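Per my numbering, numbering through the sequence shown is continuous, rising by one, with the last residue being 407. Virtual Cβ for every residue (Gly too), placed ideally from N, Cα, C. Please read all numbers here as calculations on a predicted model, not as lab measurements.
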Amino acid sequence: MMRIIEMGGTQMTVYNFSAGPGVLPTAVLNQIQTELKSFNSSQMSILEISHRSQQYIEMQQAAENNLRDLMQIDDRYAVLFLHGGATLQFTSVPLNLTDQYHHVAYLNSGHWAQKALDAATKITGLKVEAVPKKTDRLPEIKPLDGTPLDYLHVTTNNTIEGTAYHQVPTGVGPIVADMSSNILAEPYDINQFDLVYAGAQKNIGPAGMAVVIVKRDRLTSHPDIPAVMDYWLEEQKHSELNTPPVFSIYAAGLVFKWLKEFGGVQAIYQQNLEQARLVYDFIDNSKLFNNSVNPTERSLTNIGFSTGNSQLDQQFSSEATAHGLIGLAGHRLVGGMRASLYNAMPTAGVKALIDFMQQFELTHGGF
Ligand SMILES: *Cc1c(COP(=O)(O)O)cnc(C)c1O
41 MMRIIEMGGT QMTVYNFSAG PGVLPTAVLN QIQTELKSFN SSQMSILEIS
91 HRSQQYIEMQ QAAENNLRDL MQIDDRYAVL FLHGGATLQF TSVPLNLTDQ
141 YHHVAYLNSG HWAQKALDAA TKITGLKVEA VPKKTDRLPE IKPLDGTPLD
191 YLHVTTNNTI EGTAYHQVPT GVGPIVADMS SNILAEPYDI NQFDLVYAGA
241 QKNIGPAGMA VVIVKRDRLT SHPDIPAVMD YWLEEQKHSE LNTPPVFSIY
291 AAGLVFKWLK EFGGVQAIYQ QNLEQARLVY DFIDNSKLFN NSVNPTERSL
341 TNIGFSTGNS QLDQQFSSEA TAHGLIGLAG HRLVGGMRAS LYNAMPTAGV
391 KALIDFMQQF ELTHGGF
């Protein structure tokens, strides 16, 4: 179940801490490899068979059903598998959901929230309020002074800043959530949202696809917008308005099945809590590394840390790579390091990271 490489004659286990595309379950990669040339005994690859074939349609339906089970999504919601990643949804969401008030608000909780906000701002005739970040706290999820909104946009996990909303209050009006980096990693009640979207490449599967979960009663036909962005039409066509991202849907389906076998969102959440606790505890007790995020808002999936010295940080990331701990350099906008602990990260990987940090601190801490 491990990825092992040869380095200078010795074998080394590799762990991928990349923020995205992120680590996928080894069991899923093995299955993809095994059946790549013959999907479901068809002697054809999933990359070759028609998306109109019965086999394909059943596979996509099973993927949808498993996602519905995992997130307890009932039939009041449509589940769409669309092209264009999360970024296309930054534009599709306001084009589809703003017919009533032409007024929306965005909690500007970080880099990706800002991108979502920027995309909405480009839409003619739409009033967009930005709720700014407080100095060391996330903007609060609350109604906007009694003003009726088509939706309030929340980014549940801020991938670059390493912050998250672990709780979403009720009674704040319709909420749209970008859950790209913590969907299926911690439990959220889907009934609290009018729409949830997520780029696939963090906790779901290959890049390029977005999952959109939307209340059917928010969907109306929009002949005025590009057809591939019209959620109502995509729902009518079961996400097959054009050829869907077949490989991404197939791989996502395997990840959903893997997660169900793992025990579902509650079970992985317990593992994620424990893994994050191990890393944060180590950092909080370390004399070399620090994380300045307010403890109640710390992300479970993306953990930033730094020595406070950019040269030492760079040295850390490159020495870590040489030890098989890959993808730890922080985002270019914030520097430092970032460990992304998506669902497929085994606890052994987290322990290997902490061991390495301990060793690095002993060697370079100067204490
Ligand atoms: C990665 C990410 C995105 C962008 O996803 P793409 O699929 O590359 O468009 C958007 N929002 C959040 C929160 C992300 O982490």
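Beta-carbon proximity list for residue i, same chain, < 6 Å, skipping 5 on both sides
i	result
ASN243	ILE223, LEU224, ALA225, TYR382 and ASN383
ILE97	none
MET385	VAL63
MET41	Unreliable placement is indicated for MET41, whose pLDDT of 48 sits below 50; no coordinate value is reported for it.
ALA238	MET219, SER220, ILE223 and VAL251
GLY245	SER288, ALA291, ALA292 and VAL295
GLN100	ILE289
HIS151	ILE200
SER132	MET269
Identity of the residues DSSP links to residue i by a beta bridge
i	result
ALA307	DSSP lists no partner for ALA307.
ASP218	THR195 and TYR237
MET52	ILE45
MET377	PHE345 and ALA369
LYS255	TYR117
LEU318	Note: LEU318 sits in no beta bridge, so no partner.
ARG338	THR203
LEU122	ALA250
ASN331	According to DSSP, which records beta bridges pairwise, ASN331 is partnered with nothing at all.
Own chain residues within Cβ distance below 8 Å of residue i, not counting five before or after
i	result
GLY165	HIS142
LEU110	LEU224, PHE296, LEU299, LYS300, GLY304 and VAL305
VAL119	GLU104, LEU107, ARG108, ILE113, VAL251, VAL252 and ILE253
LEU157	TYR146, ASN148, VAL168, ALA170 and HIS193
LYS155	THR127 and PHE130
GLU314	THR387
SER85	LEU76, LYS77, SER78 and PHE79
THR267	Sequence check: residue 267 is Ala here, not Thr. Result list for ALA267: LEU273 and LEU281, in chain order.
Cβ shell of residue i (< 7 Å), same chain only, five flanking positions each side left out
i	result
PHE302	ILE308
GLN276	none
ASN80	GLN95
PRO134	VAL144, ALA160, ILE163 and LEU166
GLY376	GLY344, PHE345, SER346, ASP353 and GLY370
SER82	ILE89 and GLN95
ASP176	ASN334
GLU280	HIS91
ASP434	Only positions 41 to 407 of the chain appear in this structure, which leaves residue 434 out of reach.
ALA379	PHE57, VAL319, ILE343, LEU368 and LEU393
Whole-number beta carbon distance between residue j and residue i, since they are thought to touch under 8 Å
i	j	result
LEU328	GLY405	4 Å
MET249	ALA217	The pair is not a contact, with the Cβ atoms about 17 Å apart (cut-off 8 Å).
LEU235	VAL251	Going by Cβ atoms, the distance from LEU235 to VAL251 rounds to 11 Å, so no, they are not a contact pair.
GLN232	THR210	6 Å
ASN105	ILE366	Not quite, the Cβ-Cβ distance comes to about 34 Å (not below 8 Å), so this is no contact.
THR50	ARG43	No, THR50 and ARG43 are not in contact; Cβ-Cβ is about 15 Å, not under 8 Å.
TYR117	ILE230	7 Å
GLY213	LEU189	6 Å
SER350	GLU401	Not a contact, Cβ separation roughly 17 Å.
ILE323	ASN331	5 Å
Start-to-end residues for the beta strand (DSSP E) that takes in residue i
i	result
GLU46	44-47
GLU169	167-171
TYR146	143-147
Limits of the alpha helix (DSSP H) - the one that residue i falls within
i	result
GLU274	271-276
MET111	94-111
PRO134	125-137
TYR290	286-302
PHE57	Per DSSP, PHE57 belongs to no alpha helix (DSSP H) and is neither H nor E.
HIS151	151-161
LEU393	387-404
ILE72	66-75
ALA360	350-362
Residue i CB to nearest heavy atom of ligand 2 below 6 Å
i	result
THR175	Questions concerning ligand 2 fall outside what the structure shown contains, since the ligands it does hold are ligand 1.
Residue-chain proximity (residue i, chain D), Cβ-Cβ < 7 Å
i	result
ILE230	In the structure shown, chain D does not exist; there is a single protein chain.
The region 115-123 contacting the region 275-287, beta-carbon criterion three pairs below 8 Å: yes
Inter-stretch contact at 8 Å, needing at least 3 Cβ pairs: the region 195-210 / the region 331-344: yes
For the structure I just gave you, are there three or more beta carbon pairs, one from the region 187-199 and one from the region 146-154, closer than 8 Å? yes
Per the contact definition of three or more C-beta pairs closer than 8 Å, is the region 306-323 in contact with the region 263-274? no
Flag this pair as touching only if the region 56-70 and the region 251-268 have three or more C-beta atom pairs under 8 Å; answer yes or no. no
Does the contact criterion of 3 or more C-beta pairs under 8 Å hold for the region 174-183 versus the region 85-105? no
Quick check: the region 383-398 against the region 359-367, are there 3 or more CB pairs under 8 Å? yes
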